[in-house]
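This report refers to the structure that appears directly beneath it.
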Amino acid sequence: KQEVTQIPAALSVPEGENLVLNCSFTDSAIYNLQWFRQDPGKGLTSLLLIQSSQREQTSGRLNASLDKSSGRSTLYIAASQPGDSATYLCAIRTGANNLFFGTGTRLTVIP
Amino acid sequence: NAGVTQTPKFRILKIGQSMTLQCTQDMNHNYMYWYRQDPGMGLKLIYYSVGAGITDKGEVPNGYNVSRSTTEDFPLRLELAAPSQTSVYFCASSYSTGSSGNTIYFGEGSWLTVV
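Note that the protein sequences, when read in sequence, are chains A and B.
Mind the numbering: the first sequence is residues 2 to 112 in our numbering, read in order.
Mind the numbering: the second sequence is residues 136 to 250 in our numbering, read in order.
Right, here's the structure in full:
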């Protein structure tokens, strides 16, 4: 069974800093990896999806990388803003039926 | 474009009661899913559907039932509610399977407490 780990569980940074969130997984046989954002009391919003054949995806200040051989993905956030404060979840799809989710990293950007 | 809509947002149930969580999507997606999210845990798949009339169990299906009579709707029924079913429930949908790289869209969640 795929195990997905996100460390750290929580992270606080001052506004303007660049930061990296980590996601590791145990089985490299994946279809894709997706990064989500979850605001308190809200559902999940998809940020970036990296297919198995890709190495990275970029959207604005966000850049996600994928290294299947090492079972790792990172989400890089440039020039962080208070509005980036949220919980960030990574999820691995290993088949048609399921996404395996990590437990998330709660990010706080301090003004 | 409403996306994925879940109701109710909050509900308190007594042990042994039954209820249905409603989910509808207006994106003409084939695939729909129900997840639960417990504090400090990742989301776990309860049931999923690949199209109208087709449903299948996920990782944690016990105590739940689903139906998919239309493309748009995918209700989740809790029979004989138990405290272990206290959780946040998320409905989600996608156009196709993840193998084609399609994004999955989530509803805003339903907070359920069983007392």
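From the three backbone atoms N, C-alpha and C, an ideal C-beta is built for every residue, glycine too.
- Our two residues, residue 166 (chain B) and residue 27 (chain A), have alpha carbons roughly 26 Å apart in a direct line.
- With contacts defined by Cβ atoms closer than 7 Å, residue 101 (chain A) and residue 39 (chain A) do not form a contacting pair.
- Look at residue 186 (chain B) here: in three-state DSSP terms it is strand.
- Taking 7 Å as the CB threshold, residue 66 (chain A) stays off the interface with chain B.
- Remark: C-beta atoms of residue 36 (chain A) and residue 80 (chain A) do not approach each other more closely than 7 Å.
- Going by DSSP, residue 37 (chain A) is part of the beta strand (DSSP E) stretching over 33 to 39.
- Here residue 220 (chain B) has 198, 213, 247, 249 as same chain residues with Cβ atoms under 7 Å from its own Cβ, once five neighbours each way along the sequence are excluded.
- When Cβ-Cβ separations below 7 Å define contact, residue 44 (chain A) makes contact with chain B.
- Spatial neighbours of residue 92 (chain A) in its own chain (CB-CB distance under 6 Å, excluding positions within 5 residues in sequence) are listed in chain order as 35, 100, 102.
- Annotated three-state conformation of residue 74 (chain A) is strand, per DSSP.
- Pairing residue 139 (chain B) with residue 208 (chain B), the inter-Cα distance amounts to about 10 Å.
- DSSP places residue 28 (chain A) outside both helix and strand once states are collapsed to three, so it counts as coil.
- Residues of the stretch 164 to 177 of chain B with a C-beta atom less than 9 Å from some C-beta of chain A are 166, 168, 170, 172, 175, 176, 177, listed in chain order.
- Chain B has no Cβ within less than 7 Å of the Cβ of residue 61 (chain A).
- For residue 243 (chain B), the chain A residues whose C-beta falls within less than 7 Å of its own C-beta are 43, 44, listed in chain order.
- Nearest CB-CB separation between residue 26 (chain A) and chain B: not below the 7 Å threshold.
- Judged by DSSP secondary structure, residue 94 (chain A) falls within the beta strand (DSSP E) whose first and last residues are 87 to 94.
- Beta bridge pairing from DSSP links residue 141 (chain B) with B:158.
- By the neighbour-count criterion, in which a residue is buried when 16 or more other Cβ atoms sit within 10 angstroms of its Cβ, residue 189 (chain B) is exposed.
- Burial of residue 225 (chain B) is indicated by the presence of at least 16 other C-beta atoms within 10 angstroms of its C-beta.
- Short of 8 Å from the beta carbon of residue 187 (chain B), and not among the five residues preceding or following it, lie these beta carbons of its own chain, in chain order: 203, 204, 205, 206.
- Any Cβ of chain A closer than 7 Å to the Cβ of residue 142 (chain B) would place that residue at the interface, and such an atom is absent.
- Under the 7 Å criterion on CB atoms, residue 47 (chain A) is classed as interfacial with respect to chain B.
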